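>
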Amino acid sequence: MGFIQAYKMAIKSILGNKGRSFLTMLGVIIGVGAVIAAVSFAQGSTKNITDSVQGMGTNLIQIMITGRNSNRNVTYSQLQKLAEENSDIISAISPTISSSVKVKVGNKTGDTTLLGTNAEYESVKNMHVQRGRFLMSFDVDYMQKVALVGTALVSEVFEGSDPLGKTIKINGQEFTVVGVLEETDNGQDQSADDTVVIPVTVAQRLTKNAVIRSFAVQAATPETVDAAMEKLNTFLTAIYKDTKTFRVFNQAQMLQTLSTVTGTMTFVLAGIAAISLIVGGIGIMNIMLVSVTERTREIGIRKAIGAKRKSILVQFLIEALVVTGIGGIMGILFGVAVVKIVAGGLKIIPEVYSIPWIVMSFVISLAIGVVFGMFPAYKAAKLNPIEALRFE
Amino acid sequence: MAAQGNIPWMKGWGERVIEISNMCKKYTMGNNVVNALNNISLSIRQHEFVAITGPSGSGKSTLMNMLGCLDTPTSGTYILDGKEVSKLNDDELAHIRNYKIGFIFQGFNLLQKLTAIENVELPLIYQGVHAKERHKKAKAALESVGLGERLDHKPSELSGGQQQRVAIARALVSAPPIILADEPTGNLDTKSGVEIMKILKELHSKGNTIILITHDNNVALQSQRIIRIQDGEVIEDREVS
Ligand SMILES: Nc1ncnc2c1ncn2[C@@H]1O[C@H](COP(=O)(O)OP(=O)(O)OP(=O)(O)O)[C@@H](O)[C@H]1O
Ligand SMILES: [Mg+2]
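Have a look at this one:
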């Protein structure tokens, strides 16, 4: 008996038992579909998190002054000197002074967040201007009264008019707007865009008691991150006479922390995927086992009229492959549809599809279908026809 | 008479298509042992038309299953066409069932999901016969049993007698030299029974070996030889005069 004939016979058998075929497919559809959806959601949210961390810039070291010690402070000139002396391992240092301030344009007033920093902030923190220019060293060194404004602030106090070149009063002092910051991509949350950026030196004077409570350092290369961190630790210990007052951490550490989080997530995900596959698999198993009696008798009849064991097994193999294969494809379509509706429609997490997981769930379902379809057939085909015909 | 089968030289070697000696089949159910076949020996020559009779439960079907290479005996030997059946592997047995033996089951054993013609085509499928020829032969076989109008009916849509005839058509379709029929007329009215006997007699006249089981003495008398079985033993083996 040829392959084509076995194939035709398998198709005839599938169509002749629509209920059984459909229920088997359903098991595969559930298994594959659930895996695709679960993996997509988990990977989508993981991607969200890692993307935002990675978006913060590479080689980044973040320093936070945690303790309050009024007479020991790090100054901007100290930081500048540190950067100059260690240019082999540190490519840029960018301090931040933040404070909440009152702003006034014409007779429109508002409250916003002031950020005092330097020109390096642009590259270190990946913050760019949409129009105009960023701060320059000149502005910082010569204490120019220039300001950059965020988009939320623009719409709040400039009432839509072009702010470039206009004057903005910050805590009563006049500044010239030289740039408009790019919108941050935090969606509905506009607080990051409600900000005004001025030279750190000016900010220190403007806010009187403001000190540098955090700064970011860009290591020269990823390899010098450790050396730079060590340098920073010595430097800060010398200033604060204490290692508990400050914290030095870098993106690699953050990514590491993150990877344990995403690792846990992958684990949870693998669990969900495994459960879906088991549920689907049990469905397939049940259907196959329920029909064992009927199928064993069928095999008995086929053998009685001259079918060889091989012909029977080939027919059953094709049957299992076709049913689970079609189920698998439908499962993929089902999973993708769920992802499209949930991720694509709600836009909270990105739409991601993991080919390895799709292939794996497909193959596992196929394997379950084939094993549970073939095993009873294999056992039945070994019986003599009368034993198979009498099977209960 | 029964002794004849045990004395090989009394009949020509080549003629013996079936030779059974000391065959036993025991079914053990708990402490109960049923001797369905109890030391049966017999031989059947080519072109013979044999009727096996006996009371219900005497072991007729059990014997027929052995002859059809469908079941294995507990002990004893079975030589079919000069080959010892117990020494054949599964594929060789399948080949014999496919080409040499047309088996008509007492309980029909049709595939319920297939139509009459698809059921009849099955033996030809396993022989690798092409679709066109297969269809032609299956149709002819069904017509020969008077079911030319019921080709596309499923077994569930046919009467008992019609199912019986589909089973007969399936056994005849590949023109096997040996036809084994377990009560082929059991489910039929007298007229249909006569039809079936006509078909079997025709096959016999064409040179087939026919072995049939029957309760009906009139049917048995149309054969050449009657073997009577009781409690798994041959109690009578005589030529029909
Ligand atoms: N699978 C089995 N397990 C146990 N006992 C069996 C089995 N098959 C047959 N028997 C027993 O073997 C004996 C012979 O059965 P068999 O079917 O050969 O009878 P039969 O002569 O064909 O009867 P009938 O005329 O009713 O068809 C019976 O007593 C039956 O109960
Ligand atoms: Mg019987």
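Top to bottom, those sequences are chains L and W.
Sequential numbering from 22 applies to the first sequence in my numbering.
Sequential numbering from 76 applies to the second sequence in my numbering.
Where is the CB? At the ideal position from N, CA and C, for every residue including glycine.
No experiment lies behind these values; they were computed from the predicted model shown.
Can you tell me the Cβ-Cβ gap for L279/L and T71/L, rounded? I've got them flagged as a contact below 8 Å.
About 6 Å; that satisfies the 8 Å criterion.
> Suppose only complete runs of 4+ residues qualify. What are the alpha helix (DSSP H) ranges in the stretch 102 to 184 of chain L, listed by chain order?
Taking only runs of at least 4 residues, the alpha helix (DSSP H) segments lying wholly in the stretch 102 to 184 of chain L are 142 to 145, 158 to 162 and 172 to 178.
> So with Cβ pairs under 8 Å, would you call T103/W a contact of chain L?
It does not; no Cβ of chain L falls within 8 Å.
> Whole angstroms are fine: how far does the CA of N110/W sit from the CA of Y28/L?
Near 43 Å, if we compare the C-alpha coordinates of N110/W and Y28/L.
> Using DSSP with H/G/I as helix, E/B as strand and the rest coil, what is T265/W?
In the structure shown, T265/W sits in a helix (DSSP, three-state: H, G or I).
> Closer than 8 Å, CB to CB, is K188/W near chain L or not?
With 8 Å as the cut-off, K188/W counts as an interface residue toward chain L.
> Which of the three DSSP states, helix, strand or coil, is assigned to T147/W?
Coil at T147/W, not helix or strand.
> Does DSSP classify S116/W as helix, strand or coil?
It is a strand residue.
> So, at 8 Å on beta carbons, what are the nonlocal neighbours of I190/W in its own chain, with the 5 sequence-adjacent residues on each side left out?
First, the amino acid is wrong: residue 190/W is Thr here, not Ile. Correct list, in chain order: L226, D227, H228 and K229.
> What are the boundary residues of the alpha helix (DSSP H) that includes D247/L?
V246 to Y261 is the extent of the alpha helix (DSSP H) around D247/L.
> Rounded to a whole number of angstroms, what is the C-alpha to C-alpha distance between E232/W and S280/W?
Between E232/W and S280/W, the C-alpha separation is close to 33 Å.
> Using the Cα positions of F183/W and E196/W, report the straight-line distance between them to the nearest angstrom.
Roughly 15 Å between the two C-alpha positions.
> Ordered along the chain, which non-local residues of its own chain (more than five positions away) have a Cβ less than 8 Å from that of F159/L?
Once the five neighbours on either side are set aside, the close Cβ partners of F159/L are Q165.
> Would you say S150/W touches ligand 2, meaning its beta carbon is less than 7 Å from a heavy atom?
Not under cutoff, so the answer is no.
> Is the Cβ of S297/L closer than 8 Å to any Cβ of chain W?
For S297/L, the answer is no, since every Cβ of chain W falls outside 8 Å of its Cβ.
> Check each candidate in G105/W, Y102/W, E90/W and L138/W and name the one with the smallest Cα separation from E308/W.
E308/W has its Cα closest to that of L138/W, out of G105/W, Y102/W, E90/W and L138/W.
> Which residues in the same chain as P116/L place their Cβ atom closer than 7 Å to its Cβ, once the five residues preceding and following it in sequence are excluded?
The answer, listed in chain order, is Y97, L100, T138, N139, V221, I233 and F236.
> Is T45/L near ligand 1, going by C-beta to nearest heavy atom under 7 Å?
The answer is no for T45/L.
> Mind checking whether N283/W and P252/W have CB atoms under 8 Å apart?
Yes, Cβ-Cβ distance for N283/W and P252/W is below 8 Å.
> Do R323/L and L410/L have their beta-carbon atoms positioned less than 8 Å apart in this structure?
Contact: no.
> Among A173/L, T255/L, Q272/L and A273/L, which one has its Cα closest to the Cα of K265/L?
The shortest Cα separation from K265/L among A173/L, T255/L, Q272/L and A273/L belongs to T255/L.
> Would you list the one or two residues that DSSP bridges to S235/L?
Paired residues: M85/L and T117/L.
> To the nearest angstrom, how far is the alpha carbon of K368/L from that of S108/L?
If I take the Cα positions, the gap works out to 43 Å.
> Are there any heavy atoms of ligand 2 lying less than 7 Å away from the beta-carbon of Q237/W, as far as the coordinates show?
Result no, Cβ not under 7 Å from ligand 2.
> In the DSSP assignment, the beta strand (DSSP E) including S316/W goes from what residue to what residue?
Run containing S316/W: none; DSSP gives neither H nor E here.
> Given 7 Å as the limit, tell me if D257/W has its C-beta closer than that to any heavy atom belonging to ligand 2.
Correct: D257/W has its Cβ closer than 7 Å to ligand 2.
> Helix, strand or coil for V217/L? Go by DSSP, reduced to three states.
Looking at V217/L - three-state DSSP - the assignment turns out to be strand.
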